[in-house]
Ligand code: GTP
Ligand code: MG
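Numbering (full-length UniProt numbering), first residue to last: 269 to 638.
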């Protein structure tokens with residue numbers, strides 16, 4: 269059952285603890301400021317003081333921001349979200365840059381891609397793909413650790429002149445643990461020392477059986493230097509996405525994940541959010557981690573102002589009252605009061621957790637000394 273400490277209740281109402289105790293006495297309860305009372309009693313006291321009670325517990329927060337079950341008929345295809353992983357120096361950044369530039373050139377003239385941590389490209393066959401611009405395992409694992417599973421497909425980059433290395437294996441394990449399908453990009457195929465077959469046989473030892481070895485993991489030979497195989501790689505991703513049948517409901521309150529966040533001197537807190545379901549719109553009220561806000565502006569990966577962002581679309585969000593953290597979940601809610609209440613609750617919960625952890629260590633220290 270939910271409870272609250274009397275002094276904390278007084279504090280939240282901005283009333284004196286003594287007055288709250290007096291009120292409780294009138295209700296026949298003898299308590300001190302440090303004792304807890306149950307939520308029903310607290311609600312009576314709150315009304316007594318002329319306030320309105322908004323209960324926010326874990327369960328309530330869940331309820332407010334619940335992923336409303338989408339009906340099958342409301343679901344529409346959404347682009348895949350792709351993360352590039354691989355061993356150091358195998359060409360992750362080069363590939364990401366090449367894919368992005370190729371698309372800028374192919375796209376509208378003068379389009380300037382700005383770095384917002386994620387971007388979208390269109391394949392030759394017209395499929396839309398979203399790339400997370402932060403290669404590497406750290407981002408992937410830290411996001412996952414925070415409960416944000418934002419990757420649909422992992423592109424495993426393996427240099428053809430180096431084959432499978434320790435971080436290649438790590439990446440394979442991450443993808444497998446997350447249940448995310450992989451596509452192998454055998455990179456640096458332009459090098460005279462390239463040995464793509466070694467890559468394929470090396471991968472067998474880690475239970476990754478590529479198509480060329482009669483398995484079901486797509487493998488594409490590419491060169492981030494010459495551009496060879498890039499179109500095939502993009503089409504392979506699009507094909508994998510089709511197999512996954514990725515769906516979302518664009519006609520609901522948005523749910524997203526923070527990819528990057530910073531405090532911008534001119535613009536205030538700015539977060540790049542990848543919308544995972546629903547459509548994020550200008551004017552939407554939201555909570556994001558321990559922060560909340562109202563969307564003042566949305567900016568896409570081309571640096572353009574947009575009024576909304578649908579599923580799998582990365583956008584910069586302005587109008588947050590503080591800087592959230594990468595991996596934080598953004599939920600659109602109905603009212604500012606709700607948003608504030610949930611953010612407050614989370615701040616308090618985090619504080620309590622830290623305090624509890626602190627108390628535990630002190631206790632341990634005391635025991636150790638004894
Ligand atoms: P980290 O971020 O350090 O893990 O490396 P990375 O995987 O992002 O590799 P990066 O793109 O920085 O490339 C490493 C080196 O390999 C650079 O010198 C690139 O120019 C070179 N390189 C990348 N792709 C290719 C390729 O297809 N062919 C050749 N010949 N060189 C490449
Ligand atoms: Mg890099």
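Backbone N, C-alpha and C fix where the C-beta goes; we use that ideal spot for every residue, glycine too. Computed from a predicted structure; not experimentally measured.
### Query
In whole angstroms, what is the alpha-carbon distance linking residue 359 and residue 603?
Walking along the chain shown from the start, residue 359 turns up at place 91. Walking along the chain shown from the start, residue 603 turns up at place 335. Cα to Cα, the separation comes out at about 46 Å.
### Message
Which same chain residues end up closer than 7 Å to residue 493 when comparing Cβ atoms and leaving out the 5 residues on each side of it in sequence?
### Response
Residue numbering aside, residue 493 sits at position 225 when the chain shown is read from its first letter. If we look at residue 493 and ignore the five residues flanking it on each side, its Cβ neighbours are 458.
#### Entry: Cutoff 8 Å; reference residue 385; Cβ partners in own chain excluding five residues on either side
Taking the first residue of the chain shown as position 1, residue 385 is located at position 117. Excluding sequence neighbours, residue 385 sits near 400, 401, 402, 527, 528, 540 and 582.
### Message
Quick check on this structure: which residue in 342, 475, 440 and 467 has the alpha carbon closest to the alpha carbon of residue 579?
### Response
By 1-based counting over the chain shown, the position of residue 579 is 311. Ranking 342, 475, 440 and 467 by Cα distance to residue 579 puts 342 first.
### Query
Between which two residues does the alpha helix (DSSP H) carrying residue 294 extend?
For the purposes of this step, residue 294 is identified with residue 26 of the chain shown, where counting begins at 1. Per DSSP, residue 294 belongs to the alpha helix (DSSP H) from 285-294.
### Message
Strictly under 8 Å for the Cβ-Cβ distance: is residue 449 near chain C by that measure?
### Response
Within the model displayed, chain C is absent; a lone protein chain is all it includes.
### Message
Is residue 361 near the ligand MG - that is, is its Cβ less than 7 Å away from at least one heavy atom of it?
### Response
Looking up residue 361 in the chain shown gives position 93. Yes.
### Task
Spell out a yes or no on whether the segment 545-560 and the segment 512-525 are touching, meaning 3 or more CB-CB pairs, one atom from each, closer than 8 Å.
yes
### Message
Since residue 488 and residue 454 should fall inside the 8 Å C-beta cutoff, what is the C-beta to C-beta distance between them, to a whole number of angstroms?
### Response
The residue labelled residue 488 in the question sits at position 220 within the chain shown. The residue labelled residue 454 in the question sits at position 186 within the chain shown. Contact holds; Cβ gap of about 7 Å.
### N- and C-terminal bounds of the beta strand (DSSP E) containing residue 580
The residue you call residue 580 lines up with position 312 of the chain shown. No beta strand (DSSP E) contains residue 580, which DSSP labels as neither H nor E.
### Task
May I ask whether a heavy atom of the ligand GTP can be found less than 7 Å away from the beta carbon of residue 358?
Position 90 of the chain shown, counted from the first residue, corresponds to residue 358. The answer is yes for residue 358.
### Query
Sorted by chain position, which residues of the same chain lie with C-beta nearer than 7 Å to residue 301's C-beta, five sequence neighbours on each side aside?
As a first step, residue 301 is located in the chain shown; it is residue number 33 there, counting from the start. Cβ-Cβ distances below 7 Å link residue 301 to 274, 275, 285 and 289 in the same chain, with the five nearest sequence neighbours on each side left out; the list follows chain order.
### Message
Can you tell me whether residue 487 sits near the ligand GTP, meaning its C-beta is under 7 Å from at least one heavy atom of the ligand?
### Response
To locate residue 487, count along the chain shown from 1; it is residue 219. Flag unset: Cβ of residue 487 not near the ligand GTP.
### Query
Taking one C-beta from the segment 457-476 and one from the segment 431-441 each time, how about it: are there three or more such pairs within less than 8 Å?
Contact holds: three or more Cβ-Cβ distances are below 8 Å.
### Task
Assuming residue 420 and residue 514 form a contact by the criterion Cβ under 8 Å, report the distance between their Cβ atoms to the nearest whole angstrom.
As a working mapping, residue 420 is identified with position 152 in the chain shown. As a working mapping, residue 514 is identified with position 246 in the chain shown. That belief holds up - the Cβ atoms of residue 420 and residue 514 are roughly 6 Å apart, short of 8 Å.
#### Entry: Straight-line gap, residue 450 to residue 491 (C-alpha atoms, nearest Å)
Here residue 450 is taken as the residue at index 182 of the chain shown, counted from 1. Here residue 491 is taken as the residue at index 223 of the chain shown, counted from 1. Rounded to the nearest angstrom, the two C-alpha atoms are 18 Å apart.
### Query
Of all the options 425, 452 and 347, which has the alpha carbon lying nearest to the alpha carbon of residue 361?
Counting from 1 along the chain shown, the entry for residue 361 is found at position 93. Taking the Cα of residue 361 as reference, the smallest distance to any Cα among 425, 452 and 347 is reached at 425.
### Query
Can you give the Cα-Cα distance for residue 561 and residue 298, rounded to whole angstroms?
Here residue 561 is taken as the residue at index 293 of the chain shown, counted from 1. Here residue 298 is taken as the residue at index 30 of the chain shown, counted from 1. Each residue's Cα considered, the two are about 41 Å apart.
### Query
Just how far apart, CA to CA, sit residue 383 and residue 363?
In the chain shown, counting from the first residue as 1, residue 383 sits at position 115. In the chain shown, counting from the first residue as 1, residue 363 sits at position 95. So the two alpha carbons sit approximately 15 Å from each other.
### Query
Can you tell which of 427, 417, 409 and 452 has its C-alpha closest to the C-alpha of residue 442?
Here residue 442 corresponds to residue number 174 of the chain shown, with the count starting at 1. The residue with the shortest Cα to Cα distance from residue 442 is 409.
### Task
Could you tell me which residues DSSP pairs with residue 273 in its beta bridges?
Numbered from its first residue, the chain shown carries residue 273 at position 5. DSSP, once it has assigned bridges, lists 304 as partnering residue 273.
### Task
Taking only heavy atoms of the ligand GTP into account, decide whether any of them is closer than 7 Å to the Cβ of residue 491.
To locate residue 491, count along the chain shown from 1; it is residue 223. Yes, the beta carbon of residue 491 sits closer than 7 Å to at least one heavy atom of the ligand GTP.
### Task
Return the chain-ordered list of same chain residues with a C-beta closer than 7 Å to the C-beta of residue 349, the five sequence neighbours on each side being excluded.
Residue numbering aside, residue 349 sits at position 81 when the chain shown is read from its first letter. Excluding positions up to five away in sequence, the list reads 398, 400, 418, 419, 420, 542 and 580.
### Task
Between the Cα of residue 340 and those of 518, 624 and 626, spot the shortest distance and give me the residue it belongs to.
Against the chain shown, residue 340 aligns to sequence position 72. Nearest option by C-alpha distance: 518.
### Message
Alpha carbons only, please: which of 337, 292, 304 and 306 is nearest the one belonging to residue 316?
### Response
By 1-based counting over the chain shown, the position of residue 316 is 48. Nearest option by C-alpha distance: 292.
### Beta-carbon proximity of residue 587 to residue 565, cut-off 8 Å
If you number the chain shown from 1, residue 587 lands on position 319. If you number the chain shown from 1, residue 565 lands on position 297. Yes; because the gap between Cβ atoms is below 8 Å, this pair is in contact.
### Message
So, for residue 621: in the same chain, excluding its five sequence neighbours on each side, which residues have a beta-carbon less than 7 Å away from its beta-carbon?
### Response
As a first step, residue 621 is located in the chain shown; it is residue number 353 there, counting from the start. So the list is empty, once near-sequence residues are dropped.
### Query
Would you report the Cα separation of residue 626 and residue 616, rounded to the nearest angstrom?
Looking up residue 626 in the chain shown gives position 358. Looking up residue 616 in the chain shown gives position 348. Their backbone Cα atoms lie some 15 Å apart in a straight line.
### Where residue 471 falls, given that 16 or more other Cβ within 10 Å makes a residue buried
On the chain shown, residue 471 is found 203 positions in, with the first residue counted as 1. So residue 471 ends up on the buried side.
### Query
In three-state DSSP terms, what is residue 464?
As a position in the chain shown, residue 464 is number 196, starting the count at 1. Helix, per DSSP.
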